[in-house]
Each structure stands twice: as structure tokens, then as C-alpha cells.
């Protein structure tokens, strides 16, 4: 592995369900603490999708974030997320993720750096897709995964984020809860805070042992704030929030 893998709250895009222009929704989520975005929008023409990728990279660059592109073409970057169906072997990119849903699919991983495992809960984005794993099913797949795992599917609440971390997930991949949110910044802040609280040891008294922590999850450092989210496409973008004591 040549660099960090996605962790904490990872945003998956879907402009068809977004509550506003996609770049503004992503900027709002970034202002709320999101530092990883997976660009989907596979139905767009290649040139339009590449332009969108460039715009989202600009938003993320302001805070040291990263864009991953769904599909084998990184659209000018070097990070891709591949479907379970292929291609195999994965292309030689700096960062490669793979969608997985079973032990069999996890066993096919070779040079991938991380995997999403889904669906953990029922999801409005893919109704009927499953059956849902639940936290216990997620834990079982994480235990056999050779790479860090992002929990995907129906993650909408802080309690669900906590359950995924306790199952060993390195992070949660969120689509609907952020895309449909009337306030992506507030939603991202709430979910990100829940993640960091779940991976931070709690001490009942000086010298006491820490509470349970995930077996395979990564413990990311809370990102430092970057420069302002100045619009590169002519849109005003929200500013990243200053971290509160609870988020540190």
C-alpha cells in the first residue's frame, strides 16, 4: 500500500437524489468533516464526468481530502473503486478499492487496498438488495477480510456508525443520508463526530483500561483544517467548521 486508505465517513455521490447541485452538497459534507469522496455518476458522458471529478478534487484539496473514482478510469487521478464483478486483476493504481458482499468476493482480493462490505442495513438507494448483514454479519466478513473494510448500506445515524466501528470497520460509506440531507454539513458533522467518539478510548478513571476498540478498524487522525472552500466553479461554498472538543 502506498498511502492512506479511506476511513471515517466516506461520501458516495449520487446527483439524482442529491438535495442540491452535487458540488455544493459535497462541499457541505466536506465542511462537516468528510475527507474522502467516491465519485459515481457513471451515466455521465466521459468528458462531463472528468470535469466533475476535477471540480470535486478542487473542493477536497482545500482540506487535504481525496477523491476516489468508481470504475477503472481514475479520470485524471490515481484512485479507483471497482465493482465485485471486475476487472481482475485490478489496475496498478496508487489506491484501489473493491465492492464486496460475501466471503467469496473478499477471498478474490489481491492487490486492492480496501473494500466496502454491503449492505449492512436496508437501503433506499438499492431497495431489496441484500439480505442485510447487520452488525454481526459485518463483523464476520471483517474478520476474514485481508484489507480494511468500509461498512456500506443504510448507514444514517450515529448509533449505526458506532455499531459499524464496534464491528471492526475502518469507516462508513454513506450515500443517501448525506445526498438527501437538507443540511449536509450538519449531517456530516454528526456522523463524523460519532465515528471519532467510537474510535477514541474512554477512561472511567485515571489508569483504567480503555473501552472496546475495533479489531481491524483504522484510527485516523482528526484532519487539520485547510484553506477556505473558495469556489472554483463560480459557486459559493461552505467553510470547514472548527473542530470542537468532542471532535478532537
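Numbering (the numbering used here), first residue to last: 1067 to 1314. Ideal Cβ placement from N, Cα and C applies to all residues, glycine included.
Residue 1075 to residue 1169 span [Cα, whole Å] = Taking the CA atoms as reference points, residue 1075 sits about 24 Å from residue 1169.
How about residue 1227 and residue 1238: are their beta carbons less than 9 Å apart?
-> Cβ distance < 9 Å, so residue 1227 and residue 1238 count as in contact.
Straight-line Cα distance separating residue 1205 from residue 1130 | Straight-line measurement puts the Cα of residue 1205 at about 30 Å from the Cα of residue 1130.
Are three or more beta carbon pairs between the segment 1244–1263 and the segment 1115–1123 nearer than 8 Å?
-> The answer is no - the segment 1115–1123 does not touch the segment 1244–1263, with fewer than three Cβ pairs under 8 Å.
Proximity below 9 Å, CB of residue 1108 to CB of residue 1145 = In this structure, residue 1145 does not lie closer than 9 Å to residue 1108 by Cβ.
Which class does residue 1262 belong to by DSSP, given the choice of helix, strand or coil?
-> The answer is helix: DSSP assigns residue 1262 an H, G or I state.
Close beta carbons around residue 1285, own chain, < 6 Å, minus the five adjacent residues each side = Only weak support is given to the placement of residue 1285: the predicted model assigns it a pLDDT of 38, under 50, and the value that follows is read from those uncertain coordinates. Contacts found: 1265.
Any chance you could list the beta strand (DSSP E) runs of at least 3 consecutive residues sitting entirely within the segment 1128–1189, in chain order?
-> Runs found: 1132–1136, 1145–1148, 1161–1166, 1180–1183.
Where does residue 1207 sit, in a helix, a strand or coil, going by DSSP?
-> Helix, per DSSP.
Within the same chain, show all residues whose beta-carbon is closer than 7 Å to that of residue 1213, passing over the 5 residues directly before and after it, in chain order.
-> Closer than 7 Å at Cβ, skipping near neighbours: 1175, 1178, 1179, 1180, 1181.
Assigned secondary structure, residue 1091 (DSSP; H/G/I helix, E/B strand, else coil) | Residue 1091 falls in the helix class under three-state DSSP.
Using the rule of at least 16 other Cβ atoms within 10 Å of the residue's Cβ for burial, across every protein chain shown, is residue 1210 buried or exposed?
-> So residue 1210 ends up on the exposed side.
Give the straight-line distance between the Cα atoms of residue 1303 and residue 1158, rounded to the nearest whole angstrom.
-> Low local confidence applies: a pLDDT of 47 at residue 1303 is under 50, so the model's placement there is unreliable, with the coordinate-based value given in what follows. For residue 1303 and residue 1158, the distance between alpha carbons rounds to 34 Å.
What are the complete alpha helix (DSSP H) segments, minimum 4 residues, inside the segment 1070–1121?
-> DSSP runs (the alpha helix (DSSP H)) wholly in the segment 1070–1121: 1088–1097.
Any idea which residues DSSP pairs residue 1124 with across the strands?
-> DSSP lists no partner for residue 1124.
Does DSSP classify residue 1213 as helix, strand or coil?
-> If DSSP states are grouped into helix, strand and coil, residue 1213 belongs with coil.
With a threshold of 16 other CB atoms inside 10 Å of the CB of residue 1082, please say whether the residue is buried or exposed.
-> The C-beta of residue 1082 has fewer than 16 other C-beta atoms within 10 Å across all chains shown, which makes the residue exposed.
Tell me whether the beta-carbon of residue 1102 lies closer than 9 Å to the beta-carbon of residue 1077.
-> Less than 9 Å separates the beta-carbon of residue 1102 from that of residue 1077.
Apart from the five residues on each side of it in sequence, which residues of its chain come closer than 6 Å, Cβ to Cβ, to residue 1134?
-> Short of 6 Å from the beta carbon of residue 1134, and not among the five residues preceding or following it, lie these beta carbons of its own chain, in chain order: 1104, 1145, 1147.
Nonlocal neighbours in the same chain, by C-beta distance under 6 Å from residue 1272, ignoring five residues either side = Reliability fails at residue 1272, whose pLDDT of 49 lies under 50, so the model's placement of it is uncertain and no value is given.
Quick one: grab the DSSP three-state call for residue 1229.
-> In the three-state reduction of the DSSP assignment, residue 1229 falls in the helix class.
Which residue from 1070, 1126, 1073 puts its Cα closest to that of residue 1092?
-> Minimum Cα-Cα distance from residue 1092 among the listed residues 1070, 1126, 1073 corresponds to 1126.
To which residues of the same chain is residue 1257 closer than 6 Å at the C-beta, ignoring the five residues directly before and after it?
-> In its chain, beyond the 5 residues on either side, 1075, 1227 have a beta carbon closer than 6 Å to the beta carbon of residue 1257.
Classify residue 1160 as buried or exposed, calling it buried when 16 or more other Cβ atoms lie within 10 Å of its own Cβ.
-> Residue 1160 is exposed by the Cβ-count criterion.
Between which two residues does the alpha helix (DSSP H) carrying residue 1234 extend?
-> Per DSSP, residue 1234 lies in no alpha helix (DSSP H) and is assigned neither H nor E.
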